[in-house]
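Here's the structure we're looking at; comments come further down.
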Amino acid sequence: MSSKDHHEVEVKRKRSLKKESSPTRGAGDVKRSKSSTNDVKLFYAEEEEVEHRDPKKDLSLFKSTTDDVRKCFKDIRDSKDKPDKSTNDHIETKKRETALHFVLLKKLNRLSHIRCKKSRDATNEAKQRIDQYHLQLQNLLYETMHLEKEITKCLEFNMLSYDEWSKDEEIELVSVEEFYEEAPSDISKPETTKEDQHQLRLARLDWELEQRKMLAQKLKESETSKDQLDKEIKTQQEYLENLQPKLTSILQSTKPVQEYLGMPFDQIREQHQIAGHLPHPLYVLYMQTDAYRQACDKKLEVKIEGDIEAAKSMKSTPELFADKRRRKTIDSGKVERKKKVLKKHPLSVVLKIKTKDGTCLQLNFYYLVTLEIVTVVMQLKSGSESPSSCISWGDLLSPDLLLNEIYPGDNGNSSPNAANQYELRRLGLGEFNQYIKETGKPYLWAQWLSGLQFLNNNKSSKVADSSVSSENMQQTIKRLRRRIKSRLSLLKQLASLERGIIPLAPEAMSLFPTKIVAKLASWKRSTYEDFCVLPYTEELISNGLAKESDIFFTATMDRGSAKMTAQIVMTPDYPAVAPLFLVSLQWQTERSALNDINIQEMEEEVNVHYKEMIIHKSHDQILANQLQRLLMCFDVYLETETQNAEEGPKEISKEKVYARFARGPNRTKPYKFCAEVGIFSHR
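Mapping of the sequence shown onto full-length UniProt numbering: position 467 corresponds to residue 467, and the numbering continues sequentially without gaps.
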């Protein structure tokens, strides 16, 4: 029951009490007044009863009474469904019981409403008390704040007054001695001021005022002079701006002369201006390469490519590595981290190395901003003298093989900066060699040319040093030129070998006999896996003389029914390192260096004494000369391999002159050819 309803009940109760107290009442009114009085007494009695009753017991009584009512209803329904003689009496009895239960429920309902009313009244009284206390607290806080403000004003009043009175003391005046020396007598008034300190103070203040007026006048004159100079500078600036188009047109008109004389000053000037936006390692690379080109190698070309605007914006507002405010999924986060880590600088340096036959090796140098290393991407344009077709050298001009091991052990498959591996693993990006196709290869010589030097103790020089670049520039360019020249020479030899022809240089003809009967039957490319399967290659592999990075070939030679197979191992640094030959012979039985010492000596003749086959500048022809000597030794082996030294096998005729067919207990063969007398002898 709400407070409004309670108020209405109280009003009605008062009205009923007034009616009961009226002197003119009938018998019916007397009965009603008695019943009303009883109701009021009963109501107040119930209010008192609420104080002594337990709500939980009333709740239990309510539940049990409702259960009894349901049970009575069920009994009445069952009696009506199955009527008999005592049904009516039973139903009446149950009705009376139900009515009594309803009376009890109504009483419990009244008691619950009385409890609710008492709780609301108690709550309202507590809220009113709290509101009163809160209002008193706010009043006290306001009074406290007001008093604090008043106290502050009182404290500040004396300070402000003192500041107002002593403002002149803040002025830094000249000393008294300077005042009497500089101030005129009409201001200093020494006869008065020397005896009166107050007058002295006033005089000094007057002199300070006069000085400030003079300084203000000088400031005004200086500002006037400054404005005049600004106008003159602006006039000259406009003149220079008008002069720029004229100079540009003059330079434009001189371009034909520059092209004719081979002096592209405009292009060089533009490139030098762009070089200022390069990262420091690429800047060192560009300047050192350009200096080397001007001084030593006119066939070199170096230039800068890329987006200059992006480089300017990157230099002025460098990007943050990651945006911490943005949440990413695992996949997108990894892609974003990879993109940031492998990001290249917008500008790159392009180096072109040209040869006499028109072959051009183009090297694009990129700088990885986060990893702080330089990578290389290669392009090769073949010249007019390059072989047009060859099966076995399809990948010898690829970047993986052409630039492999320019310096020993430098294959560019891992970052020279050891810190990069830890950084990539920390970001969950794996190993660096997974991203070489995207970034290019970080060769050591590329770092040296850029002035970067990474030490073995994992300490790196992140600041590019020009001395490191200049020390390695000449040697690296020479090695690159030598690699191009030797690789093109090798390709020509391979193209001829595929046709079964050994291309000997004219100056090398004197190293071999006029007639060699054995022929080159086939020449093909092999693999490291095929090489490892052969039983007679195990020792070479275990000694580290054959590696997976080497180039492998298989040559087949025959004479009559004899067939010899040679496995050739060629390092990427050919011809600085001569190829290695391993031989197996199929003639009557299977023979190799494992079971035939003469085969071993044949391999030694080719692999150990190869320097005898280098004449003048035929170093690039070492492969052809070794193959020709192997054919010669094959002939010697077959012609001397007989039980009787005087007559050999019927199918093998003696075509050469030998001092002795065999020597020593091992019956070694005369593989050495003496060109002066044309005979074969032992070493």
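Heads up, the beta-carbon is just placed ideally off N, CA and C, and yes, glycines get one too.
These numbers come from a predicted model, not from an experiment.
Partner residues in the beta bridge of Q362, as assigned by DSSP, are K352, Q379. Between the beta-carbon of P579 and that of Q626 there is about 6 Å, and that keeps the pair under the 8 Å contact cut. By the beta-carbon neighbour count (other beta carbons within 10 angstroms, threshold 16), Y283 is buried. In this chain, the alpha helix (DSSP H) harbouring V606 covers 597 to 607. Exposure of T144 is indicated by the presence of fewer than 16 other C-beta atoms within 10 angstroms of its C-beta.
The Cβ-Cβ distance between M557 and K519 falls below 8 Å. Taking every protein chain shown into account, the CB of P572 has 16 or more other CB atoms within 10 angstroms, so this residue is buried. The beta-bridge partner set that DSSP reports for A566 consists of A555, V583.
Look at C674 here: in three-state DSSP terms it is strand. Proximity to R269 across M287, Y292, H280 peaks at M287, based on C-alpha coordinates.
Annotated as distal: I477 and D290, with beta-carbon spacing of 8 Å or more. In this structure, G678 and P513 form a Cβ contact; the two beta carbons are roughly 7 Å apart against a cut-off of 8 Å. With 16 or more other Cβ atoms from the protein chains shown falling within 10 Å of its own Cβ, L424 counts as buried. Rounded to the nearest angstrom, the gap between the Cα atoms of V369 and A311 is 12 Å. In the structure shown, the three-state DSSP call for A45 is helix. Contact annotation, I373 with P279: C-beta distance approximately 11 Å; criterion of less than 8 Å not satisfied. Between D307 and L371, the alpha-carbon positions lie close to 21 Å from each other. Counting along the chain, A203 sits inside no beta strand (DSSP E); it lies in the alpha helix (DSSP H) bounded by residues 197 to 253. For L397, the three-state secondary structure derived from DSSP is coil. With contacts defined by Cβ atoms closer than 8 Å, K656 and E639 form a contacting pair. For I679, the uninterrupted beta strand (DSSP E) segment begins and ends at 679 to 681.
When V350, K340, L285, E309 are compared, the shortest CA-CA separation from K303 is found for V350.
Between the segment 609 to 617 and the segment 592 to 599 there are fewer than three C-beta pairs closer than 8 Å, too few to call the two in contact. Around the beta-carbon of G430, fewer than 16 other beta-carbon atoms lie within 10 Å, marking it exposed. Per DSSP, the unbroken beta strand (DSSP E) holding I304 starts and ends at 300 to 306. Here S486 really is in contact with D620; their C-beta atoms are around 5 Å apart, less than 8 Å. About 6 Å separates the beta carbon of Q493 from that of L623, a gap short enough to meet the 8 Å contact definition. Around the Cβ of Q628, a 10 Å sphere holds 16 or more other Cβ atoms; the residue is buried.
Here Q447 is buried, its C-beta having at least 16 other C-beta atoms within 10 Å. The straight-line gap separating the alpha-carbon atoms of S79 and E97 is approximately 15 Å. Excluding its 5 nearest sequence neighbours in each direction, R110 has C-beta neighbours in its own chain below 8 Å: E46, listed in chain order.
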